[in-house]
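Colleague:
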Amino acid sequence: MIAQNPFELFRQECQTVLTDVITKTLPEITLPPISLKKTPNLDYGQLATSLCFELAKKLNQKPPALAEHLVASIDKSKFNLIDKVVSAGGGYINFHVNFTKFSALTLQSIKELNNQYGSVKTDTPQKIIVEHTSVNPLHSIHIGQARNPMLGDALARILQYRGHQVSRHYYIDDVGRQSSVVAYGYLKLGRPKPTEKPDLFVGKIYTVTSCIVEINRLKQARDKANALHNADDLVKANKELDEWISIAAELKEKYPVLFEMLVTKINADENPEEEINRLNRAYEDGQQAAKELIREVSDLCLDGFRATMNRVSVTYDSWDWESDFVWTPQVSEVMAKLKTTPFIFNEKGVLQFNADQVTQVLDLKDKLGLSPNNEIPPLTLVRADGTTLYTTRDIAYTIWKFQHADKVINVIGMEQSLAQLQLKLALYAMNYGREAENLIHFAYNLVTLPGYKMSSRRGRYITFDEVLDEAVKRAYEEVSKRSPMLSEEEKHSIADFVGLGAVRYALVDVDPGKPVIFTWERVLNFETNSAPYVQYTHARASSILRKATIEPQTTSFELLSERLEKELVLVLAGFPDMFIEATEYLKPNLIADYTNSLADKFNTFYNAYPVLKADSQYLIEARLALVKAIQTVLKNALNLIGVVAPEKM
RNA sequence: GGGCGAGUAGCUCAGCACGGAUAGAGCAUCAGCCUUCUAAGCUGAGGGUCAAGGGUUCAAAUCCCUUCCCGCCCGCCA
150 MIAQNPFELF RQECQTVLTD VITKTLPEIT LPPISLKKTP NLDYGQLATS
200 LCFELAKKLN QKPPALAEHL VASIDKSKFN LIDKVVSAGG GYINFHVNFT
250 KFSALTLQSI KELNNQYGSV KTDTPQKIIV EHTSVNPLHS IHIGQARNPM
300 LGDALARILQ YRGHQVSRHY YIDDVGRQSS VVAYGYLKLG RPKPTEKPDL
350 FVGKIYTVTS CIVEINRLKQ ARDKANALHN ADDLVKANKE LDEWISIAAE
400 LKEKYPVLFE MLVTKINADE NPEEEINRLN RAYEDGQQAA KELIREVSDL
450 CLDGFRATMN RVSVTYDSWD WESDFVWTPQ VSEVMAKLKT TPFIFNEKGV
500 LQFNADQVTQ VLDLKDKLGL SPNNEIPPLT LVRADGTTLY TTRDIAYTIW
550 KFQHADKVIN VIGMEQSLAQ LQLKLALYAM NYGREAENLI HFAYNLVTLP
600 GYKMSSRRGR YITFDEVLDE AVKRAYEEVS KRSPMLSEEE KHSIADFVGL
650 GAVRYALVDV DPGKPVIFTW ERVLNFETNS APYVQYTHAR ASSILRKATI
700 EPQTTSFELL SERLEKELVL VLAGFPDMFI EATEYLKPNL IADYTNSLAD
750 KFNTFYNAYP VLKADSQYLI EARLALVKAI QTVLKNALNL IGVVAPEKM
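Quick note: the first sequence uses the working numbering, first residue 150, plus one each step.
#1: Near Q436, what residues of its chain come up, given a Cβ to Cβ distance below 7 Å and the 5 sequence neighbours on each side ignored?
#2: Are the CB atoms of V458 and P298 nearer to each other than 8 Å?
#3: Does the segment 773 to 782 come close enough to the segment 286 to 293 that 3 or more CB-CB pairs lie under 8 Å?
#4: Could you check where the beta strand (DSSP E) with I354 kicks off and where it finishes?
#5: What are the complete alpha helix (DSSP H) segments, minimum 4 residues, inside the segment 631 to 673?
#6: Does the Cβ-Cβ distance between L300 and P737 come in under 8 Å?
#7: Is it buried or exposed for E770, if we count other Cβ within 10 angstroms and need 16 for buried?
#8: Could you name the residues of the same chain whose beta carbon sits closer than 7 Å to that of I666, not counting the 5 residues immediately before and after it, in chain order?
#9: Just the C-alpha distance for E615 and R671, rounded to the nearest angstrom, thanks.
#10: In whole angstroms, what separates the C-alpha of G662 from that of A763?
#11: Quick check on P664: buried or exposed, where buried means 16 or more other Cβ atoms within 10 Å of its Cβ?
#12: Alpha carbon to alpha carbon, how far is L407 from S447?
#13: In whole angstroms, give me the CA-to-CA distance for A439 and E796.
#14: If you drop the 5 nearest sequence neighbours on each side, which residues of the same chain put their C-beta closer than 7 Å to that of V315?
#15: Distance check for I525 and I396, CA to CA, integer angstroms please.
#16: Name the DSSP beta bridge partners of G535, please?
#17: Could you give the distance in angstroms between the alpha-carbon of M579 and the alpha-carbon of V621?
#18: Going along the chain, which residues of its own chain have a beta-carbon closer than 8 Å to the beta-carbon of Y577, five neighbours each way excluded?
#19: Please classify Y259: is it buried, with 16 or more other beta-carbons within 10 angstroms of its beta-carbon, or exposed?
#20: The beta strand (DSSP E) that contains I292, what's its start and end?
#21: Can you give me the start and stop residues for the beta strand (DSSP E) that Y319 sits inside?
#22: Please work out which residues of its chain come closer than 7 Å, Cβ to Cβ, to R712, disregarding the five sequence neighbours upstream and downstream, and give them in chain order.
#23: On the premise that Y266 lies in contact with S199, defined as a C-beta separation below 8 Å, what is that separation, rounded to the nearest angstrom?
#24: Look at the alpha carbon of T753 and the alpha carbon of L709, and state the distance between them as a whole number of angstroms.
#25: Could you please give the first and the last residue of the uninterrupted beta strand (DSSP E) stretch that includes L200?
#26: Counting pairs of beta carbons, one from the segment 326 to 336 and one from the segment 417 to 431, are three or more of them closer than 8 Å?
#27: Confirm, please, whether the CB-CB distance from S472 to D323 is below 8 Å.
#28: Tell me whether I558 is buried or exposed, calling it buried when 16 or more other Cβ atoms sit within 10 Å of its Cβ.
#29: Go ahead and label E441 buried or exposed: buried means 16 or more other beta carbons lie within 10 angstroms of its beta carbon, across all protein chains shown.
#30: Let's test the definition: count the other Cβ atoms within 10 Å of the Cβ of K784 and tell me whether it reaches 16, buried, or not, exposed.
#31: How would you write the range of the alpha helix (DSSP H) that S395 sits in, first residue to last?
#32: Just reading off the alpha helix (DSSP H) that E162 is part of, what are its end residues?
#33: For S258, which three-state DSSP category applies?
#34: I believe A545 touches F474 by the beta-carbon criterion, under 8 Å. Please report the beta-carbon distance rounded to the nearest angstrom.
#35: Going straight from the alpha carbon of D382 to that of A374, what length do you get?
#36: What are the boundary residues of the alpha helix (DSSP H) that includes D448?
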């Protein structure tokens, strides 16, 4: 017999037995909702209900007596996966599984379903867009941004495994002023070919250009304030200028050649600021030269991003340019539609969206879980000069996404919560209620460096590539130390998946709501509770299977009678449950936790009992089947968070 | 001022949606285990007023209220 979710079968059986006995022995009460919880340990069975505590009061009985009474009245003839039901702990009813049958069911199911074990398919498959990463194409992806693709890719993987049709989208924000700044610098340099990894190359141009331009702008502001005798503005300008000049000194030292070149060329322009604004407007208008230029720089940067993400097996199905929504009528259509709603008002020539009014008119506060005194600030849609803002364009983009999907999950930092809420309310306002309800902001907290703030304008950040390089390097040292006999080729290949796995795991493992303070120690952990630990465990199981001279057999499961063996079977049987929870509640970190706890249990077992040298042929066969199942499940789970499950390491 | 997220062992974090049996891991510290299948491993020890106070309940780290503390957001930036 095979089951997609062995534990669920047991749960259903317990549920039926319990329901029957209550309706039979307590016909006078209406059947309460039955809650069966996993027990803290094997001694209490596998599932328990605390129902008697609640019923006892109603029935004016003591919980233990009630539990006894119910247990005594249970019809045992229906037991299949249930071994026994006992009352315990002053009122609990504990259900014990029949391990002979349950081990057989679980291990055979894993063997049979193999890489599909755990992938319990949803009854309601949907088309889902997961938008993630979406780093602006201005400089290399840094460690503070890398948490996003790690979470987004894990989400996409689990949703797909659940049977949804998932599409991974990258939104390229190329319309902002920043894109024009980098393109301007790139143009001044004569559109050079990158001499290094292209995103790194573009990043340097961006940092230096934006610094020079900023100093220029501030000098003008200072002179103006001086002329007008505006003391406040003068102080402000001077203060900012001081800061930028210190940044300039830093950059000049770091990239002397580039800096000199850009200073010379940019200062040759009468008004660099105006050049950039002109470029920006030309781009929004879709003028050919501007289009070619900005797309060219952006593409360079994106090539670099693709290379970086490729290293950690993250890929995308669609690259969506923000500019495409501006050049086509999509953004203007959204504006036209919004204007027909009563939620738009004009303030000094600026179009605003009254988000709060939407919550009132459509009575959404309660529905969206917003506090009644949470007054949502209005959103500016169109500037006085007629140009649109980021969130305005995002509305058009979101509507477009819903033309291709039933559900949209945006993996975006939680500092954008308000903007994401306003976006959702705009959908409601435009009568896109279904879309609004299926728009999910998957928020995560920031990654910061200890001691100082990561600053892209100072070019002061740790790139994701550096982190990956360092991880692989340290993994290599580790392999060389632990397995000096391996060939160089093998060492490098192991170092690669260990290092990259460690980083992926570390960024997915923590609750997304918690901030992560980046330390090398944290990300490059090779010990318990890390990808390398789980990978090592998988390799260890693989090693046993490789050395086995007999086949795993699925006949003598009653021999798996050690407590640890039973616990292992339970952990394996619980994989589908955990997977469903991780998917339905969008908690990829559960997967990482699960791999660790399975690895933990297996390693304890490994140290306590021999497999290949067990007492009897039958026991060897049964334990081999257990090891095989563990190997399969570890592999399936690791795959969901994009970590390689190696045969050897 | 308002909103959102967080506060659990010296440090990093699970557990909280759905209340339940002695609050769990790892790091660090200390003591052990490689002539049996991979020691990136295992065993054991110490370490907790679950931020504080109140409330609901047979039962609260978990639910409700108040307070404190930290981060983020409240732009004609993205």
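Every residue gets a Cβ at the ideal spot worked out from N, C-alpha and C, and that includes glycine.
These figures come from a predicted structure and were not determined experimentally.
Modeller: Judging by the given coordinates:
#1: none
#2: The sequence given here has Met at residue 458, not Val. Yes, these two residues count as a Cβ contact at 8 Å.
#3: no
#4: Note, I354: premise wrong, no beta strand (DSSP E); alpha helix (DSSP H) at P347 to L377.
#5: 637 to 658 and 669 to 672
#6: yes
#7: buried
#8: T597 and P599
#9: 15 Å
#10: 46 Å
#11: exposed
#12: 19 Å
#13: 52 Å
#14: I277, V279, A305, L308 and Q309
#15: 37 Å
#16: DSSP, once it has assigned bridges, lists no residue as partnering G535.
#17: 50 Å
#18: V507, L511, L513 and A585
#19: Per the sequence presented here, residue 259 reads as Ile, with Tyr not at that position. It counts as buried.
#20: Note, I292: premise wrong, no beta strand (DSSP E); alpha helix (DSSP H) at I292 to Y310.
#21: Q314 to I321
#22: L191
#23: That pair is no contact at about 31 Å.
#24: 15 Å
#25: From DSSP, L200 is part of no beta strand (DSSP E) but of the alpha helix (DSSP H) over L200 to L208.
#26: yes
#27: yes
#28: buried
#29: exposed
#30: buried
#31: A380 to K403
#32: P155 to T174
#33: helix
#34: 5 Å
#35: 6 Å
#36: Q437 to R460
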